[in-house]
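Engineer:
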Amino acid sequence: MSRRVGIVGAAVTPFKATWREKTYYELAQMATREAVQDALISIRDVDAAFYGIYNDIFERAAIPEHAIHGLCGMQNKFGTRISTGGATGAYTMSAAHAYLAAGRFKTALVLGVEKATDCFDFSSMSATPEVIKSIGWSGDSFFEQSIGWSASDSYAEVVLAYMDEHPGDLKPEITAQISSILSEYAKDNPVAQRQHDQVTPEEVINSRMVVYPFRELEICVYSEGAAALILAEEETALAISRNTGKPVVWITGVGEANEHSFAGKNQKNMARIMSDFYGSRRAYEMAGITDPTKSIEVVELHDAFVHQLEISMAEFGLVPLGRADSLVEDGLMTPGGKYVVNRCGGLIYCGHAVGASNIMSAWSARNLLIERGRGAALVHGTGSTVAQYTCCIILELQ
Amino acid sequence: MNDRREKIVPSKYIPDVGAHTETIDGKPYLVANDTMYTFYRRTRGEFSAFFLALRDRKKLLGCKCSKCGLVRVPPFLTHCPDCDFAPTEQIEVEQIGIMNSTPPITYFATALFQHMAPYGRGRVIFRGADTAMSVNLYTTTGILVPGMIRKGTEVKLVFRDNRIGDVTDVFCVPTAELSQEQIGKEGLQESEINWEAPVEPQIPTASEQDEAVFRQTFDEITAIIDQMNSNDRARKDIADWKRNIQVKTRGGQFVIVIDDGNIEVEEMEPLTIDFVMVCADPRTLLDGLSYRGAITDSVISKKLWISKNAEFTTVFKLDRMARSVARARKVAE
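The listed protein sequences correspond, in order, to chains A and B.
Count the first sequence with my numbering and you get residues 514 to 911, in order.
Count the second sequence with my numbering and you get residues 4 to 336, in order.
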């Protein structure tokens, strides 16, 4: 019988376009310090560390977590690193959950950190082309990297294939409205990189095309920052909760799926994000959710691109496939609607510090659940080529 | 079409040894030029036959499962994971295929591919194959724009003249742009295709009204560029960047000079021009600079022509400056 596991502490550093003042060592420790403080425990009370760091190249070091283990006060304890592309943070939570549920540890630090924009392209004298080049090393190295694979064109493949099947969905005016809504949400998020960058749908439509069909204001921004959670098994979690006075936010469901990297018969169906479908269904099953449209109120999903946000919401079963625009047309995710989606501003406005992003999403979902005093939230990470990896986590107040 | 690199890492990407300090909240922070680099002599292993066939015989190979018969192109594996690892055999497939889905087009490329932008990359199911192969897609008619190649578009595999045993040895073009002879030819090479050379659009003679529009628009462009110059964020957008852009419109010409954080409009032509922008209606450029539609999109929709595709980088910087000024205007309001 596995043990119940919950979140008892959380912290996020400000997500910024660049942190000249800090290295990833200090960002990691900053989030850790604040997370244990939130849980009112000492780092000495934490049994194990799970590090979410996506990209060695960003940190400019292989096994970049080795340095932060001791610097975060975890020397001589269990430590492991997870790296699953954009889904790194969610998969890191999943791994920590599994160890705690199995009884290996009572408490765990889940720490995501990324330092992306130290990368710099000296030919254009700007950071972004080098950042996306570094991510470009994640593509298939024999057949795709050398012909210009990038995270954006890879997700665009999936989005365009979806639009081939559903030509009336993902309308530009709807994706622009969603981006605008997320920008308004970011206003309330003190750690958001674009907290003061509210945009109108018209501005989104007027922003430049980056990779067809994505416009600049429909794409997540690369960030630097860290996010940390303190997880604990049931007995310890309840003890910490009594001390802090904050309720435990339980992890009631976890589900993952990784699709095939390549398209065609028996391989990836490019018009679907089946990893989102399977990952969410497995998480629902574990949480005992039979109808997510009735159970899920809060969604903090990985919005690498607005179009992908819409498809993911459909794959989660929260809107019909081919009718993802109903998120706005039927008011499902507009303010006051049925679903509160990416109240933190998402990765598009809060920012995408890759290994930390999904952990930031969990921090936001936890805050919302505690604030509302009820409900269930879906936290999601997507990553790798063609939206191949997914990890979904259900959080509940019980 | 041939843009082969001679060095693994072109010298323009390699910075000098150096460092600078940036001051934030009164404290100096040291920022150093740095790199991680690793060179490889990397085997193509089981893929060697595929790459050698592309390079030496202009053939396209796949692998066929001995049990289920599924044909995978490229030949990713020697044993089929769907059939308890039954062995596969290498076979040749045809050099015509259809698009598995509508391909994306990259306008803002990574540092390695800026010289290629805009480029398409999509997946083609070649005749005789069941899976899709990732390829670059080009049009023979200039810049690839959305709608030219879609799901189901028939395409032809084209071989580069100078092949090195890499997937970049091939790319695809729509068969609709080729002759029957070209479509039927196995091992068609890039030099056997007529590539439409970029030709500067001719601007019709200006009427008095055109000249009046130009004068008014030029004044407005000058005003917006003055705003860019007084906006810190916009100046940062062109830090360390230098370009002289000749702008030709129906009513008149001028030059935009970008010089490491400064941007100016000049009526006199400087000694060197880095690239030319042509837009019959100068208001097209004004709209872009005023954040009423991106300049990038004007290039895509052919309302504005640039003489070098590589200068999309500069166009992006101008678009970014327009947004920086628009943001500042909103904050001020």
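Yeah, the Cβ is synthetic: ideal placement off N, Cα and C, and Gly gets one too.
Check whether the Cβ of residue 580 of chain A lies closer than 8 Å to any Cβ atom in chain B.
Structural biologist: no
Engineer: Mind pulling the chain B residues with CB within less than 9 Å of residue 628 of chain A?
Structural biologist: Per Cβ cutoff of 9 Å: no residues; residue 628 of chain A is ~12 Å from chain B at best.
Engineer: What three-state label does DSSP hand residue 570 of chain A in the structure shown?
Structural biologist: helix
Engineer: Look up residue 563 of chain A in the DSSP assignment and give the residues it is bridged to.
Structural biologist: A/593, A/623.
Engineer: Closer than 8 Å, Cβ to any Cβ of chain A: which residues of the segment 119 to 136 of chain B, in chain order?
Structural biologist: Listed by position along the chain: 119, 122, 124, 125, 126, 128, 132, 133, 134, 135, 136.
Engineer: Please go through the same chain and pick out, in chain order, the residues whose beta-carbon is closer than 7 Å to the beta-carbon of residue 166 of chain B, but skip the five residues on each side of it.
Structural biologist: 57, 58, 172
Engineer: State yes or no: is the beta carbon of residue 90 of chain B nearer than 8 Å to at least one beta carbon in chain A?
Structural biologist: Taking 8 Å as the threshold, the shortest C-beta distance from residue 90 of chain B to chain A does not fall below it.
Engineer: Closer than 8 Å, CB to CB, is residue 526 of chain A near chain B or not?
Structural biologist: no
Engineer: Would you report the Cα separation of residue 251 of chain B and residue 292 of chain B, rounded to the nearest angstrom?
Structural biologist: For residue 251 of chain B and residue 292 of chain B, the distance between alpha carbons rounds to 16 Å.
Engineer: Let me know the secondary structure DSSP gives residue 634 of chain A once reduced to three states.
Structural biologist: strand
Engineer: Identify the contact partners of residue 42 of chain B in chain A, using a Cβ-Cβ distance below 8 Å as the criterion.
Structural biologist: Chain order gives no chain A residues near residue 42 of chain B, where near means a beta carbon separation below 8 Å; the closest approach is about 14 Å.
Engineer: Consider the Cβ of residue 646 of chain A: report whether some Cβ of chain B lies at a distance smaller than 8 Å.
Structural biologist: yes
Engineer: Report the rounded CA-to-CA distance for residue 854 of chain A versus residue 203 of chain B, giving the unit in angstroms.
Structural biologist: 48 Å
Engineer: Could you give the C-beta distance for residue 852 of chain A and residue 819 of chain A, rounded to a whole number, given that I count them as a contact under 8 Å?
Structural biologist: The distance from the Cβ of residue 852 of chain A to that of residue 819 of chain A is about 15 Å, inconsistent with a contact at the 8 Å cut-off.
Engineer: Are the C-beta atoms of residue 901 of chain A and some chain B residue less than 8 Å apart?
Structural biologist: no
Engineer: Using a Cβ-Cβ cutoff of less than 7 Å, which residues in the same chain neighbour residue 693 of chain A once the five nearest sequence positions on both sides are dropped?
Structural biologist: These residues qualify, in order along the chain: 712, 713, 714, 717.
Engineer: Compare the C-beta of residue 15 of chain B against all C-beta atoms of chain A and say whether one is closer than 8 Å.
Structural biologist: yes
Engineer: Over what stretch of residues does the alpha helix (DSSP H) that includes residue 654 of chain A continue unbroken?
Structural biologist: Careful: residue 654 of chain A lies outside any alpha helix (DSSP H) and carries neither H nor E.
Engineer: Roughly how many angstroms lie between the CA atoms of residue 243 of chain B and residue 879 of chain A, to the nearest whole one?
Structural biologist: 43 Å
Engineer: Hey, how far is the Cα of residue 534 of chain A from the Cα of residue 566 of chain A?
Structural biologist: 20 Å
Engineer: Based on the DSSP output, what are the partners of residue 854 of chain A in its beta bridges?
Structural biologist: A/812
Engineer: Is residue 194 of chain B close to chain A? Criterion is C-beta to C-beta, closer than 8 Å.
Structural biologist: Residue 194 of chain B is outside the set of residues whose beta carbon lies under 8 Å from a beta carbon in chain A.
Engineer: Determine the extent of the alpha helix (DSSP H) in which residue 749 of chain A is found, giving its start and end residues.
Structural biologist: 747 to 757
Engineer: Which residues bound the alpha helix (DSSP H) around residue 860 of chain A?
Structural biologist: 859 to 862
Engineer: Can you confirm whether the segment 679 to 690 of chain A touches the segment 820 to 829 of chain A when touching is taken to mean that 3 or more C-beta pairs between the two stretches lie within less than 8 Å?
Structural biologist: yes
Engineer: Ignore the nearest five residues each way along the sequence and tell me which others in residue 33 of chain B's own chain have a CB closer than 7 Å to its CB.
Structural biologist: 22, 24
Engineer: Taking C-alpha atoms, which residue in B/304, B/314, B/281 lies nearest to residue 150 of chain B?
Structural biologist: B/304
Engineer: In the DSSP assignment, find the alpha helix (DSSP H) that holds residue 579 of chain A and state where it starts and stops.
Structural biologist: 578 to 584
Engineer: Can you give, in chain order, each stretch of the alpha helix (DSSP H) that sits fully within the segment 673 to 737 of chain A and has at least 4 residues?
Structural biologist: 685 to 699, 714 to 719
Engineer: Listed from N- to C-terminal order along the chain, which residues in the segment 771 to 789 of chain A have their beta-carbon within a distance smaller than 8 Å of any beta-carbon of chain B?
Structural biologist: 775, 776, 777, 778, 779, 780, 783, 784
Engineer: Which word fits residue 610 of chain A, buried or exposed, when buried means at least 16 other C-beta atoms lie within 10 angstroms of its C-beta?
Structural biologist: buried
Engineer: Quick check on residue 113 of chain B: does DSSP put it in helix, strand or coil?
Structural biologist: coil
Engineer: For residue 246 of chain B, which beta-bridge partners are listed by DSSP?
Structural biologist: Its beta-bridge partners are B/261.
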